[in-house]
Each structure stands twice: as C-alpha cells, then as structure tokens.
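>
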Amino acid sequence: MPIGKTFKEKFALAKKIEATLSKLLLKEGIMQKLIRGAEGAFIPNIAEEKALLLIEEAIGKNKANLGLDVAATSFYKNKNYLLNKKPFSSKELTQFYLSLLKSFSFIKFIEDPFAENDFASWEQFRNLLKNQKRGGIALIGDDLTTTNPAQIMFSQGKGLCSGVIVKPNQIGSVTETLEAAKLAKKYKWQVLVSHRARETEDDFIADLAVGIGANYIKAGGFGQKERLSKYARLLAIEKEINYNTNTNI
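Encoded structure:
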C-alpha cells in the first residue's frame, strides 16, 4: 500500500517496489525464474517471515504499508488451521499473527485471518488488538462478508471485523454491491474494492472504487494486462478529475 499524494505517485512507487522485489528474489536464488500466480503476484516457495523480510527490504526507505490476505478458510480443517502442513489452533494462529505484527510494523490490515464460520476467533482477535492498543490494524472480511449486506450487518453486530472487501460478482448485482459499500461506510469501516483471481481486461472496478470512495483497490501484480487495465483506468480518472476540479483521487 504505497503512500503518496496522488494515485500516479502511488502507482509509480508500487511498480518500483515490485521491480526491486523481483531483483531480490533472483539475486538470493529464491526463484530461478520469476513466476506469477493467478492474481499476478510472485509465488516463491518460502516461509512467511522470509517473504515479509524481502518485502520490507524492497520497500526500503520508501513510504508504503502492507495488507495480508490470509484466506484462512482455504486451510481450515477439523477446527485447526494447517499452515505449512502443521496444525494450528485458533489461539496458536492468533499468536502467530501477533508475532508478525510485532516484527513488521508496516502491516496495517489482515484479511480473512480466520475461517468464515470461526466467528469466536474473529471476535477474540479483534478484542485482543483493541486491548493491546493496536487499533490501527484493520481486520478485513472477504469470505466472512461476501459483499453481502446481511453478512456485513451480522459481522458488525458481533464485532468481528473493521473493514470489508467489495467484489461486484461476489454478490451478483451492482445494486447490492453499492448497498454493501454504503453499509460499510455507515459503520466507518475500511472499504477495499477487489478483483478476482480469474479476471478480464474490464476496468469497471476502477470506476467503482472511485465512485464509492473506497480506501483501497486490489487489482493484482503488474505482469498481466487484465490487472494493468484497472490501474490504467485509475490513472485516466485521476487525470480527468485533476483537469476539471484540480483535486486528486
């Protein structure tokens, strides 16, 4: 999450950080060839802490923060979380997250840290962050909330999270997507408009992110044109807004 006054500045910084990271992966022999996953990110087979150290080095003196998309539902089985083939209880996974937050202060949000139905762990983790005065760390729901107004209301009522992923095709209509975003804004949650793993070059989510005043957009790495199309649209929107109103997105 690059920090800058304009989207153009943030985009340039993000590209610079990714380029530096690619050089580090090759230099240290972690990857013999740069391979990207479905969402355009590098996919080296290394431990979580090593990956974060490399990202920290790539950021260097630049101003940028990081969000973690854990997708914990994908490795939740028999009430345990299988991380690197090792079972973690919810309490053990919570302690793992806390150790990462302590070591890497640039982590500012964690998305789906627990399974979508593990409500007790969501609630306990959020309360723990509050008690430790880590209120600046946002807990973001994706599988938990599914761009569904009813699920967002439920999560807010239970105190499970403080932000939400918004994906139009997750709920199925633009009307419901806007309703979900409006509700999250009402709760003063962070709102992140997101792409999907299987994308096209359609750039609608860029307009959506600007239109609803989203805090962030997730559009993927810079190696695939279906990801770059969203960034290109944001740059075009910013240019148009600057021309007409002299403001930035």
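Heads up: the sequence shown at position 103 corresponds to 103 in full-length UniProt numbering, and the numbers run straight through without jumps.
Every residue gets a Cβ at the ideal spot worked out from N, C-alpha and C, and that includes glycine.
1) Over what stretch of residues does the alpha helix (DSSP H) that includes G159 continue unbroken?
2) Leaving out the 5 sequence neighbours to the left and right, which residues in its chain are closer than 8 Å to A41 when beta-carbon positions are compared?
3) Quick check on Q95: buried or exposed, where buried means 16 or more other Cβ atoms within 10 Å of its Cβ?
4) What residue ranges within the region 169–240 form continuous beta strand (DSSP E) runs of no fewer than 3 residues, ordered along the chain?
5) Can you tell me whether K23 is helix, strand or coil according to DSSP?
6) Considering only C-alpha positions, which residue in the set H195, E49 and K23 is nearest to K102?
7) Contact defined as beta carbons within less than 8 Å: I believe G163 pairs with I137. What is the distance between those atoms, to the nearest angstrom?
8) So, under 8 Å CB-CB, K167 and R196 are touching, yes? Tell me the CB distance rounded to an integer number of Å.
9) Using the Cα positions of Q156 and V70, report the straight-line distance between them to the nearest angstrom.
10) Report the rounded CA-to-CA distance for T247 versus T147, giving the unit in angstroms.
11) Please confirm if A181 has its CB atom under 7 Å from at least one CB of chain B.
12) Exposed or buried, which one is T245 when buried takes at least 16 other CB atoms within 10 Å?
13) I believe residue 250 touches A206 by the beta-carbon criterion, under 8 Å. Please report the beta-carbon distance rounded to the nearest angstrom.
14) Within 10 angstroms of its Cβ, does E39 collect 16 or more other Cβ (buried), or is it exposed?
15) Are the CB atoms of D142 and E111 nearer to each other than 7 Å?
16) Return the chain-ordered list of same chain residues with a C-beta closer than 6 Å to the C-beta of L128, the five sequence neighbours on each side being excluded.
17) Are there 16 or more other CB atoms within 10 angstroms of the CB of A19, so buried, or fewer, so exposed?
18) Report the residue from S99, Y187, E238 and Q224 whose alpha carbon sits nearest the alpha carbon of V210.
Working from what's here:
1) From DSSP, G159 is part of no alpha helix (DSSP H); its letter is neither H nor E.
2) G220 and G221
3) exposed
4) 190–194 and 216–218
5) helix
6) E49
7) Rounded, the Cβ-Cβ distance is 10 Å, inconsistent with contact.
8) 6 Å
9) 20 Å
10) Below a pLDDT of 50, predicted positions are generally treated as unreliable, and T247, at 44, falls in that range; the measurement from the model is reported next regardless. Using only the alpha carbons, I get a separation of about 29 Å.
11) You won't find chain B in this structure, because it holds only one protein chain.
12) Residue placement at T245 is poorly supported in this model, since its pLDDT is 49, which falls under 50; the coordinates are not used for a value here.
13) Residue coverage of the chain in this structure runs from 1 to 249, which leaves residue 250 outside it and unanswerable.
14) buried
15) yes
16) none
17) exposed
18) E238
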